[in-house]
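The sequence shown begins at 259 in this note's numbering and counts up by one. A virtual CB, placed ideally from N, CA and C, is assigned to each residue, including glycine. Please read these numbers as outputs of a predicted model, since none were measured by experiment.
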Amino acid sequence: AKRARTAGGAGAERAEEQEADWEEARFAVREEVQAYWPDDDAWYPATVLRLLGDGSVRVSWHEDSSESDMPPDYVRKVETALEWVRMPSKSRPGVNYWYNTTTGVSQYRPP
């Protein structure tokens with residue numbers, strides 16, 4: 259399960275609570291995105307919850323609804339043409355499945 263990851267250090271809590279300027283934001287709150295999870299070296303579907311003052315993005319993972327604060331280069335927009343995403347199974351190593359980023363449907367066979 260993905261769990262909250264936050265940057266440490268002085269002022270991190272203050273920066274976490276500040277919202278980024280809407281005019282400069284790359285992402286919108288509630289926008290469907292893909293976020294990079296380095297432990298798996300994979301991009302996963304997520305939803306933007308908050309834009310933080312230090313430029314990072316708080317996301318909620320579609321897989322388990324946990325939240326993480328991600329650096330902006332770990333978050334990317336979902337291309338509209340990329341409706342189906344091939345993803346590794348967490349419960350069955352070596353097995354992949356297809357996840358529909360629009361509907362949330364998962365299946366083992368390619369669409």
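About 18 Å separates the beta carbon of S314 from that of P303, a gap too long to meet the 8 Å contact definition. Nearest to T305 by alpha-carbon distance, out of V333, R367, P346 and N354, is V333.
Per DSSP, the unbroken beta strand (DSSP E) holding S326 starts and ends at E325 to M328. Scanning its chain for C-beta atoms nearer than 6 Å, with the 5 sequence neighbours on each side dropped, one finds around V353 the residues S347, in chain order. Contact between E325 and L307 is confirmed by a C-beta separation of about 6 Å, below the 8 Å threshold. DSSP places Y332 within a helical segment (H, G or I) once states are collapsed to three. Comparing C-alpha distances from V287 to each of Y294, L310, W301 and Y355 shows the shortest one belongs to L310.
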